[in-house]
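Numbering (the working numbering), first residue to last: 11 to 91.
Structure (structure tokens):
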């Protein structure tokens, strides 16, 4: 996970077919996962381009969901910018 991304980078990806979020400082590309999300696509799209850490934790995801999360990581948030 050496790719550093800024908030501006993430904010540019808010569409259903181009969807990035931040969870605990990691940037995830959810574009290919939207159709598979058990909670529906709307909850993901609503968080698109944002830090979704609190929303992710509020739901109480399973260990399996947390493992899946790691497969969607495309970089880390560069908080210096």
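C-beta: ideal position from N, C-alpha, C; glycine also.
- The beta carbons of residue 62 and residue 31 sit about 4 Å from each other, so the pair counts as a contact at 8 Å.
- Straight-line spacing of the CA atoms in residue 72 and residue 47 works out to 13 Å.
- Going by C-alpha positions, residue 19 is about 11 Å away from residue 85.
- In the DSSP assignment, residue 64 falls within the alpha helix (DSSP H) that extends over 63-69.
- Under the three-state reduction of DSSP, residue 45 is assigned to helix.
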